[in-house]
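Trainee:
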Amino acid sequence: MNHNIIKRVYVDTSVVGGMFDVEFEQRTKPFWNAVQRCEIVVIMSDMLASEVEGAPKNVRDFYDSLPKSQIERVAATDEAKELAARYISEKIKLYNGDISLALSAYNAGSGTVSQYGNTVPPQCKTYVAKILSYQQAYEVAKAVG
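If you read the sequence shown in our numbering, its first letter stands for residue 13, the second for the next number, and so on.
Structure (structure tokens):
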């Protein structure tokens with residue numbers, strides 16, 4: 013058996029965010045430790061990489077600390093986009109249509125939102141404002157035609 017085989021794993025937002033969400037930390041921490049030890053190559057979409065760039069500072073710092081040789085960026089697949097849309101839809105339902113809370117949970121995890129009494133956590137405010145500004149710009153463009 014060859015023990016030098018390195019696993020390549022495609023990750024999504026929940027795996028990245030899980031590292032910082034008390035609800036999922038215990039499940040995702042061993043995975044990220046294996047990445048740090050160069051045992052796993054993380055494959056992430058450009059879409060996810062841009063989400064990480066807009067994530068809270070602790071997430072960005074963690075991502076920046078990963079060995080760059082262990083990260084492979086690829087174009088987002090239609091399946092990845094569909095999964096992201098489904099995930100945010102679930103969060104919108106969970107938070108009874110509150111888009112700000114759904115975006116916060118998408119960005120930092122539902123456990124983090126719970127920790128802050130179901131309000132937008134401070135580390136998510138910039139991300140939420142940025143995404144909501146995109147929504148407003150889209151609505152204006154749509155109205156103008």
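C-beta: ideal position from N, C-alpha, C; glycine also. None of these values were measured; they are calculated from a predicted model.
Helix, strand or coil: how does DSSP classify ARG20 here?
Mentor: Here ARG20 sits in strand by DSSP.
Trainee: Taking Cβ positions, are TYR139 and ASN119 nearer each other than 8 Å?
Mentor: Closer than 8 Å, so yes.
Trainee: What are the boundary residues of the beta strand (DSSP E) that includes VAL86?
Mentor: Taken as a continuous stretch (DSSP letters only), the beta strand (DSSP E) holding VAL86 covers 83-86.
Trainee: To which residues of the same chain is VAL64 closer than 7 Å at the C-beta, ignoring the five residues directly before and after it?
Mentor: Cβ neighbours of VAL64 beyond the five flanking positions: VAL28, VAL71, ARG72 and TYR75.
Trainee: According to the Cβ coordinates, are SER57 and VAL86 closer than 8 Å?
Mentor: Yes.
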